[in-house]
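Structure, as structure tokens:
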Amino acid sequence: MLAVLIAIVFALADLIGLWALNRTRDHDPIIFDDRSRIHQTEPATGVIPP
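For reference, each letter of the sequence shown is one residue, going 1 to 50 in UniProt numbering.
Right, dumping it as structure tokens:
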């Protein structure tokens, strides 16, 4: 009985998560996905790896 209850809770959580992802727009960042803060630095010149 407990296993069935846990399965129902997880299925409900999956449905809520899919519903929330479906409601986001394409250009909105998803949790922890703020691409505007990513900066790619230029590679160092003249540095020789050991």
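All C-beta atoms, glycine included, are put in the ideal place defined by N, C-alpha and C. This structure is a prediction, so every number in the text was calculated from the model and none was measured.
Euclidean distance between Cα positions of residue i and residue j
i: residue 23; j: residue 9; result: 21 Å
i: residue 4; j: residue 11; result: 10 Å
i: residue 16; j: residue 2; result: 21 Å
i: residue 18; j: residue 48; result: 48 Å
i: residue 13; j: residue 25; result: 21 Å
Cβ-based neighbour list, residue i, same chain, cut-off 8 Å, excluding 5 preceding and 5 following
i: residue 6; result: none
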